[in-house]
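Q:
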Amino acid sequence: PVASNALISGYLKIGELDDAIRVFEGMSERDVVTWSSMVDGYCKKGRIDDAQKVFEKMPERNVVSWTAMMSGYLKFGMWEDGFGAFSRMRSEGVGINSTALTVIVDACAAGSRVKEVVQIHGLVLSMGFEHDVFLGNSLIAMYSHAGWMDAAKKVFDFMREKDIVSWNSLISGYVQNDGIEEAYALFNKMPKRDVVSWTAVVVGFLNQGMMEESISVFEDMPVKDDVAWTAVISGFVRNGECENAFHWFTRMAQEGTKPNSLTLSSVLSATASLAAMNQGLQIHGLVVKMDLESNVSVQNSLVSMYAKCGNVDDAYRTFLDIDEPNLVSMNSMITGFAQHGFGEEALNLFKKMQLGGFKPNGVTFRGVLSVCVHVGLVEEGWHYFKSMSFYGLEPE
RNA sequence: UAAUUUGACCCUU
170 PVASNALISG YLKIGELDDA IRVFEGMSER DVVTWSSMVD GYCKKGRIDD
220 AQKVFEKMPE RNVVSWTAMM SGYLKFGMWE DGFGAFSRMR SEGVGINSTA
270 LTVIVDACAA GSRVKEVVQI HGLVLSMGFE HDVFLGNSLI AMYSHAGWMD
320 AAKKVFDFMR EKDIVSWNSL ISGYVQNDGI EEAYALFNKM PKRDVVSWTA
370 VVVGFLNQGM MEESISVFED MPVKDDVAWT AVISGFVRNG ECENAFHWFT
420 RMAQEGTKPN SLTLSSVLSA TASLAAMNQG LQIHGLVVKM DLESNVSVQN
470 SLVSMYAKCG NVDDAYRTFL DIDEPNLVSM NSMITGFAQH GFGEEALNLF
520 KKMQLGGFKP NGVTFRGVLS VCVHVGLVEE GWHYFKSMSF YGLEPE
């Protein structure tokens, strides 16, 4: 079945799960590679239930099949199942290898599971994987995420072999923990740099409000991709320099780099802050032209932009067009209503989102409380204020 | 022919 497996692999690489399924169903003989590929294919599309069905149905499972399934669980927040799979691998004779450990370490980073982290690191050492480059890189990222830069640096220093990802991981760690000096020193010391290294440092300076240093590094960047440009644009927005954000967006276009959905979200956020309706409309036109109308982040930005520009009707129209609204969508619309004194609408949406299973966060309550103050709903406002603790939120 | 690591988003203002 090697030829068909290769075909399945090819389809999955370009995200064509349906075609992969077609090939899979037409096969007369399947091996463990065939089945594992399908498990992974379903997981990458977020279809964990289907992946699990395939996983349970397959005649034999090896460490790759298990790792694929475990990775799927963990990527979608199913911690119990993910960690459960990991311990079953250990207890049921499948065994674990460095890849399985990397998956677990990565999950600890994403879920801020600091306690598990230390245990896993011990396991890594006891199994003799301390010189695995991928594992080392994952550990650096994990400790960085937890804010333990001493530990991250220790792992880095102990690594016998480092690749460019090792350097980039530690640099990003320092950037995330406000250590731009350390990050920049490493950047200058590393043997080779790629777009990731450059962008991390540019972001590091932006995060400290060091705009000139940031731009100076950015100008020196040999190849600027859409991510790097977006980093600069959003950095200016974060620092309240929205005109500059627009300026760099214009330069991005002049230099022929195509913006993506994240770029347009950031630019829309700039136009929203400036309440610049004309520019906002232009970007909306670009969104349509680029066929990004159904991107949630872009739609959220459009909702906010229309609301901030005083057009609540179009904000609401855009909001209703969102197929799969998320918490940010809700917050954008509630805040939009709140900013214009639409108390009833804001509170109705707030109730609706809770019925829909959304957990409000601090931004939600800011909108809700401000609208209560705005329209004089003192009792309701007090009630909502008290309900914050139910969601584990503390008033600022 | 199958599983793993590093850079930019949207809501708060």
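According to this note's numbering, the stretch in the first sequence is residues 170 to 565, in order.
Even glycine gets a Cβ: it sits at the ideal position worked out from N, Cα and C.
The structure displayed is predicted, hence computed values, not measured ones.
Sort Val171, Lys222, Lys323 and Met379 by Cα distance to Val344 and report the nearest one.
A: Of Val171, Lys222, Lys323 and Met379, the smallest CA-CA separation from Val344 is found for Met379.
Q: With distances taken Cα to Cα, identify the nearest neighbour of Ser257 among Phe245, Glu194, Arg230 and Ser463.
A: The displayed chain sequence assigns Arg, not Ser, to residue 257. Out of Phe245, Glu194, Arg230 and Ser463, Arg230 has the C-alpha closest to the C-alpha of Arg257.
Q: State buried or exposed for Thr419, treating a residue as buried only when at least 16 other CB atoms are found within 10 Å of its CB.
A: Exposed, by the Cβ-count rule.
Q: Under 8 Å Cβ to Cβ from Asn346, same chain only, skipping five residues before and after it: list those, please.
A: Excluding its 5 nearest sequence neighbours in each direction, Asn346 has C-beta neighbours in its own chain below 8 Å: Ser313, Gly316 and Met318, listed in chain order.
Q: What's the C-alpha gap between His237 and Ser205?
A: Looking at the sequence itself, residue 237 is Ala, so the reference to His does not match. C-alpha separation (whole angstroms): 7 Å.
Q: So which of Leu270, Met311 and Val302 has the shortest CA-CA distance to Ile333?
A: Taking only the C-alpha atoms, the option nearest Ile333 is Val302.
Q: With C-beta atoms as the reference, is Gly449 less than 8 Å away from Met474?
A: Yes, the pair counts as a contact, with Cβ atoms nearer than the cut-off.
Q: Just the Cα atoms here: how many angstroms apart are Phe511 and Arg362?
A: Approximately 51 Å, taken between the alpha carbons.
Q: Mind reading off the beta-carbon distance from Ile402 to Val436? Whole number of angstroms is fine, and I expect it under 8 Å.
A: That belief holds up - the Cβ atoms of Ile402 and Val436 are roughly 6 Å apart, short of 8 Å.
Q: Please go through the region 454-484 and give each complete alpha helix (DSSP H) segment of 4 or more residues, from N-terminal end onward.
A: Fully enclosed alpha helix (DSSP H) runs of 4 or longer: 465-477.
Q: Sort Arg535, Leu546, Val542 and Glu549 by Cα distance to Glu563 and report the nearest one.
A: Arg535
Q: Mapping DSSP to helix, strand and coil, what is Phe488?
A: DSSP places Phe488 in helix when its eight states are reduced to three.
Q: Whole angstroms is fine: what's the gap from Val324's alpha carbon to Gln377's?
A: 26 Å
Q: Taking 8 Å as the cut-off, does the region 475-489 touch the region 521-539 (at least 3 CB pairs, one atom from each stretch)?
A: no
Q: Leaving out five residues before and five after Thr440 in sequence, what residues of the same chain have Cβ atoms less than 7 Å from its Cβ?
A: Gln448, Gly449, Ile452 and Met474
Q: For Asp319, does the three-state DSSP call read helix, strand or coil?
A: helix
Q: Alpha carbon to alpha carbon, how far is Arg407 from Val497? Give it in angstroms, no decimals.
A: 17 Å
Q: Under the three-state reduction of DSSP, which class applies to Asn408: helix, strand or coil?
A: coil
Q: Around the C-beta of Asn517, are 16 or more other C-beta atoms found within 10 angstroms, so that it is buried, or is it exposed?
A: So Asn517 ends up on the exposed side.
Q: Starting from Leu570, follow the alpha helix (DSSP H) in both directions and report where the run begins and ends.
A: Outside the displayed span of the chain (170 to 565) sits residue 570, for which this structure offers no information.
Q: Alpha carbon to alpha carbon, what distance is there between Asp218 and Asp209?
A: 12 Å
Q: Between the C-alpha atoms of Val467 and Ser240, what's the straight-line distance to the nearest angstrom?
A: 28 Å
Q: For the candidate residues Gly342, Glu194 and Leu304, whose alpha-carbon lies nearest to that of Lys331?
A: Leu304
Q: Please report how far the alpha carbon of Met227 lies from the alpha carbon of Asn495, in whole angstroms.
A: Their backbone Cα atoms lie some 35 Å apart in a straight line.
Q: Going by the CB atoms, is the gap between Ile289 and Cys277 shorter than 8 Å?
A: yes
Q: So Tyr343 is in the alpha helix (DSSP H); what residue range does that whole segment cover?
A: Ile333 to Gln345
Q: If you count every other CB in all the chains shown that lies within 10 Å of the CB of Ala354, and 16 or more means buried, which is it?
A: exposed
Q: Taking the straight line between their C-alpha atoms, what separation do you get for Phe224 and Met207?
A: Between Phe224 and Met207, the C-alpha separation is close to 9 Å.
Q: Over the uninterrupted alpha helix (DSSP H) stretch that includes Asp389, give me the two end residues.
A: Residues Met380 to Asp389.
Q: The alpha helix (DSSP H) that contains Met328, what's its start and end?
A: Unbroken run through Met328: none, as it is neither H nor E.
Q: I'd like to check one pair, Ala507 with His552: are the Cβ atoms closer than 8 Å?
A: no
Q: Drop a sphere of 10 angstroms on the beta-carbon of Ser260, count the other beta-carbons inside from all chains shown, and report buried for 16 or more, exposed for fewer.
A: That one is exposed.
Q: Would you mind working out which of Glu548, Val532 and Cys541 sits nearest Tyr560, comparing C-alpha positions?
A: Val532
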